[in-house]
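**Q** I am attaching a structure below and will ask some questions about it afterwards.
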Amino acid sequence: MPCVPGTYSGSAGQGSCANCPEGHECGNATSTPQACGAGYVAAAGSDICSLCGNSEVPSSDQSICEDCPAGYECTNPANAPSACADGTYSLLGDASCTNCPAGSYCPSTSSAPTTCPANTYSTGGVTSCTSCPAGYGCANAASAPVACNPGEYSALGSMTCTACTAGAYCPALSASETACPSGFFSSGGSALCTACDAGKSCTSTAESDCTDGYYSLGMATTCTACPAGYQCTDKANSPVSCSPGYYNPQASTTACQICPAGSKCPTTTTTPTSCPLGYVSAAGAVDCNVCPAGFQCPDTTDPTANAPCANGTYSLDTDVTCTNCPAGKYCPSTTSNIEYDCPDGYYSTGSASVCTICQAGRECPNKDGSGIADCLPGSYSVAGSTDCTDCPAGFACPSTSSDQQIECQPGSYSLGAQTSCTLCPAGSYCPSTTTNLEITCPDGSFALANATSCTQCPSGYECPDPNSDTMTICSAGHYSLGGQKQCTQCPEGYMCPNIETGKELCPSGFYSAAGASNCTGCEAGFYCPSTYASAKAQCPAGSYSTGASIRCSKCEYGYICPAQSTSPTPSSGGCPKGGWCDGTNFNPCPAGTFNRYNGSTSPLACATCPAGYYCVGPGVEEYTSYVCPAGYYCLPGTIDPNRYPCPGGYYNTETNQTSVSACLPCPSRTFCPQGSSTNGQPCPQGFFCTAAQESGFQNACPIGTFSSNFGLENGTECEPCPAGFYCPAGSQSEPTVAPVPCPPGSYNPLPMTGHPTNCIKCDPGFACPQYNQTASTMPCKEGHYCPEGTLQDNQFPCLPGTYTGATNLTSSNECDPCPEKFYCDFGTGETISPPQPCGQGHYCPLMTPAVDRFPCAPGTFTSRSDLYMQSECTICTQGYYCIGGQATETDTCPPGYYCPNGTAHWSDYGCPNGTYNPSYGKWEESQCLNCTQGMSGLSLFNK
Numbered sequence: 051m052p053c054v055p056g057t058y059s060g061s062a063g064q065g066s067c068a069n070c071p072e073g074h075e076c077g078n079a080t081s082t083p084q085a086c087g088a089g090y091v092a093a094a095g096s097d098i099c100s101l102c103g104n105s106e107v108p109s110s111d112q113s114i115c116e117d118c119p120a121g122y123e124c125t126n127p128a129n130a131p132s133a134c135a136d137g138t139y140s141l142l143g144d145a146s147c148t149n150c151p152a153g154s155y156c157p158s159t160s161s162a163p164t165t166c167p168a169n170t171y172s173t174g175g176v177t178s179c180t181s182c183p184a185g186y187g188c189a190n191a192a193s194a195p196v197a198c199n200p201g202e203y204s205a206l207g208s209m210t211c212t213a214c215t216a217g218a219y220c221p222a223l224s225a226s227e228t229a230c231p232s233g234f235f236s237s238g239g240s241a242l243c244t245a246c247d248a249g250k251s252c253t254s255t256a257e258s259d260c261t262d263g264y265y266s267l268g269m270a271t272t273c274t275a276c277p278a279g280y281q282c283t284d285k286a287n288s289p290v291s292c293s294p295g296y297y298n299p300q301a302s303t304t305a306c307q308i309c310p311a312g313s314k315c316p317t318t319t320t321t322p323t324s325c326p327l328g329y330v331s332a333a334g335a336v337d338c339n340v341c342p343a344g345f346q347c348p349d350t351t352d353p354t355a356n357a358p359c360a361n362g363t364y365s366l367d368t369d370v371t372c373t374n375c376p377a378g379k380y381c382p383s384t385t386s387n388i389e390y391d392c393p394d395g396y397y398s399t400g401s402a403s404v405c406t407i408c409q410a411g412r413e414c415p416n417k418d419g420s421g422i423a424d425c426l427p428g429s430y431s432v433a434g435s436t437d438c439t440d441c442p443a444g445f446a447c448p449s450t451s452s453d454q455q456i457e458c459q460p461g462s463y464s465l466g467a468q469t470s471c472t473l474c475p476a477g478s479y480c481p482s483t484t485t486n487l488e489i490t491c492p493d494g495s496f497a498l499a500n501a502t503s504c505t506q507c508p509s510g511y512e513c514p515d516p517n518s519d520t521m522t523i524c525s526a527g528h529y530s531l532g533g534q535k536q537c538t539q540c541p542e543g544y545m546c547p548n549i550e551t552g553k554e555l556c557p558s559g560f561y562s563a564a565g566a567s568n569c570t571g572c573e574a575g576f577y578c579p580s581t582y583a584s585a586k587a588q589c590p591a592g593s594y595s596t597g598a599s600i601r602c603s604k605c606e607y608g609y610i611c612p613a614q615s616t617s618p619t620p621s622s623g624g625c626p627k628g629g630w631c632d633g634t635n636f637n638p639c640p641a642g643t644f645n646r647y648n649g650s651t652s653p654l655a656c657a658t659c660p661a662g663y664y665c666v667g668p669g670v671e672e673y674t675s676y677v678c679p680a681g682y683y684c685l686p687g688t689i690d691p692n693r694y695p696c697p698g699g700y701y702n703t704e705t706n707q708t709s710v711s712a713c714l715p716c717p718s719r720t721f722c723p724q725g726s727s728t729n730g731q732p733c734p735q736g737f738f739c740t741a742a743q744e745s746g747f748q749n750a751c752p753i754g755t756f757s758s759n760f761g762l763e764n765g766t767e768c769e770p771c772p773a774g775f776y777c778p779a780g781s782q783s784e785p786t787v788a789p790v791p792c793p794p795g796s797y798n799p800l801p802m803t804g805h806p807t808n809c810i811k812c813d814p815g816f817a818c819p820q821y822n823q824t825a826s827t828m829p830c831k832e833g834h835y836c837p838e839g840t841l842q843d844n845q846f847p848c849l850p851g852t853y854t855g856a857t858n859l860t861s862s863n864e865c866d867p868c869p870e871k872f873y874c875d876f877g878t879g880e881t882i883s884p885p886q887p888c889g890q891g892h893y894c895p896l897m898t899p900a901v902d903r904f905p906c907a908p909g910t911f912t913s914r915s916d917l918y919m920q921s922e923c924t925i926c927t928q929g930y931y932c933i934g935g936q937a938t939e940t941d942t943c944p945p946g947y948y949c950p951n952g953t954a955h956w957s958d959y960g961c962p963n964g965t966y967n968p969s970y971g972k973w974e975e976s977q978c979l980n981c982t983q984g985m986s987g988l989s990l991f992n993k
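See the structure below:
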């Protein structure tokens with residue numbers, strides 16, 4: 051019979067059919083089972099293989115279909131499962147892999163996403179999360195980093211952006227803030243610093259108005275004081291010079307002042323010079339007029355105040371007041387300046403016709419009457435004396451009005467200038483009547499008043515007072531051999547039984563204290579040597595005595611004997627652990643050894659510290675308390691836990707290590723300083739780290755590149771420097787973590803540059819006011835020139851006397867001369883701040899720098915404002931005078947004078963002596979009138 055489906059017969063003559071095996075199919079009348087094809091399965095006894103579905107794979111024996119394993123995809127049951135690609139994952143039974151979601155990461159064959167750790171992010175489909183880059187914020191770990199706004203910055207790994215502080219700026223993508231340069235400021239949250247305006251000064255955080263009397267032209271950290279001779283009413287423009295007749299002597303003054311009456315102002319830069327006494331002037335005058343001899347002129351501003359001198363006084367030309375005859379002199383005539391000196395012994399106090407004689411009993415040292423005084427006691431004088439005479443030594447002068455001199459008696463003396471002689475005091479004697487030689491009695495003697503010699507104190511007594519004959523007997527324990535101020539105390543080691551015979555030495559084995567009457571035997575713990583009996587001496591440390599000893603004995607080893615010991619093995623002096631004892635001292639075990647036993651007598655008791663431990667010592671008792679720390683290893687006898695650090699570039703996380711072989715190499719992207727106990731620190735920003743590297747600052751990013759990221763492995767991971775910036779070679783103190791912008795006044799058109807010199811100075815004729823410029827773009831301003839490296843278009847104004855309408859000048863030499871009939875101040879342009887018409891009273895030749903630079907000369911004036919040379923000024927009208935530099939005549943000619951055409955000053959033409967002029971506005975000498983009888987030639991209206 052044929053085998054039914056699901057069975058087979060393997061050979062002829064077989065008695066029964068067998069079940070088809072697993073993974074095979076057996077059709078009708080099958081003799082040999084057929085293996086299932088790829089992707090198919092069959093259970094035992096199957097007549098046909100079945101295809102597995104999607105998300106399934108055949109089992110290893112192809113007997114059943116199984117779910118696709120997690121971390122794999124199964125798109126065709128005929129193929130083996132494929133591992134999920136990096137950045138994807140799959141669950142058990144999933145047919146295909148799914149991209150890892152944002153905010154997570156999926157390593158190879160992941161079965162589920164893993165959430166990103168803190169300070170990292172992912173946008174999906176990644177095997178690891180990324181640290182938030184410098185210059186970006188990562189508020190959402192599932193979103194791409196958001197660039198910080200200009201004016202903000204963030205460091206690597208920071209999730210938020212921080213506003214730039216005042217005084218600093220933060221360009222786009224800044225990893226840190228940069229301080230504003232001099233002349234610029236920011237108020238916080240700024241992408242760039244702002245140039246300081248004209249008329250203001252700047253700190254790094256704000257600008258403020260210049261104070262009165264100061265100005266600035268922009269980009270200034272401080273305002274400039276207005277110079278002397280100028281006024282600064284506009285703080286944002288250059289100073290304007292003072293007009294003639296005005297002055298400004300000090301810097302930082304706002305306006306010019308008119309020269310006051312009684313002064314002269316020859317220049318605009320100095321203070322008015324007061325007319326000297328004896329001279330006068332009106333307001334605005336350039337010179338002063340002299341006061342005549344025989345008169346006094348107290349008011350320098352009013353010529354009418356002059357008056358003649360009174361009798362008894364005199365004056366010379368230019369004198370302000372009449373002079374009185376001085377003290378110490380006499381003046382017989384009031385019309386002459388001859389002064390006669392008073393003779394010696396005479397005096398005058400001023401305005402005298404004769405001098406006064408000095409009275410007897412007084413001294414008159416000065417002819418002006420100063421210093422007159424009565425003679426002091428002990429001196430005398432006669433009439434007409436300049437000084438008093440002192441009484442001589444050895445004499446007394448009882449009266450200042452008498453020359454009587456009384457000689458001193460023996461036992462007294464006088465040093466001179468005395469009214470009486472001085473008696474010799476008790477306790478001294480005086481051998482001379484002319485000196486104060488008071489010889490004091492020596493100690494141990496005494497004398498009464500007027501004594502001729504001193505008496506010596508007897509033995510057994512003391513005489514403390516040299517002024518008294520009182521004597522005191524010596525007390526017990528003291529003695530005196532005679533002639534002593536005080537009795538002597540019996541010294542240590544002696545006894546004094548008799549107050550008159552002195553001290554006696556103590557015998558051997560005895561001692562005594564100071565003042566003792568008997569000697570005492572020496573106690574135990576002390577010794578009394580025969581050569582030193584003044585006091586007992588305690589046995590020093592390391593020795594002992596049992597009493598009545600003349601010397602101390604040495605203590606035994608293994609003990610410590612303190613001073614004054616009475617036994618060689620004191621019960622409290624056993625040697626402690628950690629060292630050994632020589633009877634005197636405890637000797638601690640040296641560093642690198644230990645001793646855990648008491649009573650040691652030799653340094654051999656100190657054992658070497660074993661490997662893996664250290665004995666910091668001295669005096670270590672037990673080494674097990676000192677385990678070698680991680681990052682280090684300890685050889686036998688190690689004395690310091692830091693003695694053997696793991697070398698730079700290696701680390702060790704375990705304690706109790708015994709050799710350098712326990713130190714492991716540091717992985718790449720990290721560095722390990724000497725003695726590291728962890729497997730490396732992240733390589734710092736601006737550097738990259740290879741394996742086994744000791745310092746993170748060993749390999750800086752190449753010049754022209756930068757990096758704000760940590761953990762770089764090689765220089766190719768550093769970012770190229772953009773144009774407008776430069777990236778210098780980094781150092782430990784200044785790593786290159788961000789490009790450095792070229793400062794204002796420069797630009798850089800090239801990327802990947804690494805030195806400040808790559809920032810090219812701004813092209814001549816242009817200004818570069820911004821940071822990180824890549825080209826020169828701003829033309830120079832009218833009225834200004836821009837040399838190489840100019841920051842602002844108005845930085846360099848054309849000098850006074852020049853101007854320009856061009857916008858491409860590079861030097862002040864290219865500014866055009868100011869045209870005739872005009873003046874040009876700082877920064878004069880053609881359409882902006884053009885040349886200004888000349889001022890009235892002045893003329894303006896070519897290159898005039900200021901409206902008042904060329905005043906019409908004295909004797910001329912002009913009301914026009916279009917003159918260019920002196921000859922065009924109008925001659926001063928007759929009857930008037932013109933001081934120069936004015937639009938009209940200065941004033942009418944005053945009485946006593948006449949003013950022809952071209953008169954410069956009212957005093958130029960005075961009426962001759964013997965004539966006068968009572969009227970204003972005269973212009974000829976013939977208009978002066980002759981004086982009539984009874985008139986003075988020195989009247990108000992003559993010259």
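Its first residue numbered 51, the sequence shown is counted upward by one per residue in our numbering.
Don't be surprised by glycine CBs; every beta carbon is placed ideally from N, CA and C.
Source: prediction; values computed, not measured.
Bridge partners of D391, per DSSP?
**A** DSSP, once it has assigned bridges, lists K379 as partnering D391.
**Q** Between Y918 and the rest of its own chain, which residues show a CB-CB distance below 7 angstroms, the 5 nearest in sequence each way excluded?
**A** Excluding positions up to five away in sequence, the list reads E870, K871, Y893, C894, P895.
**Q** Give the DSSP bridge partners of N980, in chain order.
**A** Paired residue(s): T965.
**Q** Measure the C-alpha to C-alpha separation of Y930 and I882 and round it to an integer number of angstroms.
**A** Straight-line Cα distance between these residues: approximately 42 angstroms.
**Q** Starting from the Cα of S530, find the closest Cα among T371, D519, G543, P514 and give me that residue.
**A** The residue with the shortest Cα to Cα distance from S530 is P514.
**Q** Under the DSSP definition of a beta bridge, which residues are partnered with I456?
**A** In the DSSP output, where bridge partners are listed per residue, I456 has A446.
**Q** If you reduce the DSSP assignment to three classes, tell me which class V107 lands in.
**A** In this structure, V107 counts as strand in the three-state DSSP scheme.
**Q** Would I610 pass as a contact of F636 if the rule is Cβ separation under 7 angstroms?
**A** Contact: yes.
**Q** Nearest-angstrom Cα distance between P322 and T912?
**A** Approximately 26 angstroms, taken between the alpha carbons.
**Q** To the nearest angstrom, how far is it from the Cα of C981 to the Cα of T371?
**A** Between C981 and T371, the C-alpha separation is close to 28 angstroms.
**Q** Could you name the residues that DSSP lists as bridge partners for V790?
**A** Partner(s): Y776.
**Q** Between G207 and T170, what straight-line distance do the alpha-carbon atoms span, to the nearest angstrom?
**A** About 7 angstroms.
**Q** Which residue wins for smallest C-alpha separation from C540, given the options A526, S757, N104?
**A** The candidate whose alpha carbon is nearest that of C540 is A526.
**Q** Can you say whether S989 is buried or exposed, counting buried as having 16 or more other CB atoms within 10 angstroms of its CB?
**A** For S989, the predicted structure reports a pLDDT of 37, less than 50, and the residue's modelled location is therefore unreliable. The matter cannot be settled from this model.
**Q** For T173, name the three-state secondary structure that DSSP assigns.
**A** Of the three classes helix, strand and coil, the one that applies to T173 here is coil, per DSSP.
**Q** Beta carbon of A152, beta carbon of C124: below 7 angstroms?
**A** No; because the gap between Cβ atoms is not below 7 angstroms, this pair is not in contact.
**Q** Are P618 and A591 close, meaning C-beta to C-beta below 7 angstroms?
**A** No, the pair does not count as a contact, with Cβ atoms beyond the cut-off.
**Q** Is the CB-CB distance between Y947 and V901 below 7 angstroms?
**A** For Y947 and V901, no; Cβs fall outside 7 angstroms.
**Q** With DSSP run on the structure shown, which of helix, strand or coil describes Q735?
**A** Looking at Q735 - three-state DSSP - the assignment turns out to be coil, as it is neither helix nor strand.
**Q** Closer than 7 angstroms by C-beta to D632: which residues in its own chain qualify, once you throw out the five before and the five after it? Chain order, please.
**A** For D632, where only same-chain residues beyond five positions count, the Cβ hits under 7 angstroms are Y607.
**Q** Between which two residues does the beta strand (DSSP E) containing W630 stretch?
**A** Run containing W630: 629–631, per the beta strand (DSSP E) assignment.
**Q** Any contact of the segment 691–699 with the segment 718–728, i.e. 3+ C-beta pairs under 8 angstroms?
**A** Yes, the segment 691–699 touches the segment 718–728.
**Q** Pairs of beta-carbons, one from the segment 306–320 and one from the segment 923–942, closer than 8 angstroms: are there three or more?
**A** As far as the Cβ criterion goes, the segment 306–320 does not touch the segment 923–942, which means the pair count is below three.
**Q** What does the Cβ neighbour count give for P52, buried or exposed, with the cut at 16 atoms within 10 Å?
**A** Exposed.
**Q** Where in the segment 180–218 do unbroken runs of the beta strand (DSSP E), each at least 3 residues long, occur, reported from the N-terminal end onward?
**A** Complete beta strand (DSSP E) runs here, min 3: none at all.
**Q** Using a Cβ-Cβ cut-off of 8 angstroms (strictly less than) and excluding sequence neighbours within five positions of C246, which residues of its own chain qualify?
**A** Correct list, in chain order: G233, F234, F235, C252, E257, S266, G268, M269, A270, T271.
**Q** Below 8 angstroms CB to CB, which residues in the same chain sit around A92 once its five sequence neighbours on both sides are set aside?
**A** Only C70, E72, G73, H74, E75, C86, I98, C99, S100, Q112, S113 meet the Cβ criterion.
**Q** Relative to the C-alpha of P905, which candidate in V710, G137, C932, T210 has its C-alpha closest?
**A** The option with the nearest alpha carbon to P905 is C932.
**Q** Can you have a look at T728 and say buried or exposed, based on whether 16 or more other CB atoms are within 10 angstroms of its CB?
**A** It is exposed - the Cβ of T728 has fewer than 16 other Cβ atoms within 10 Å.
**Q** Locate the beta strand (DSSP E) running through F636, then write down its first and last residues.
**A** Where F636 is concerned, the enclosing beta strand (DSSP E) stretches over 636–638.
**Q** Roughly how many whole angstroms lie between the Cα atoms of P39 and Y219?
**A** As displayed, the chain neither begins before 51 nor continues past 993, which places residue 39 out of reach and without an answer.
**Q** For T916, tell me which candidate among C926, P885, G934, I925 has the shortest Cα-Cα distance.
**A** Residue 916 is actually Asp in this sequence, not Thr. The shortest Cα separation from D916 among C926, P885, G934, I925 belongs to P885.
**Q** So does the segment 479–494 actually touch the segment 458–470, counting three or more Cβ pairs closer than 8 angstroms?
**A** The segment 479–494, when compared against the segment 458–470, does touch it at the 8 angstroms Cβ threshold.
**Q** DSSP on L654, reduced to helix/strand/coil?
**A** Looking at L654 - three-state DSSP - the assignment turns out to be helix.
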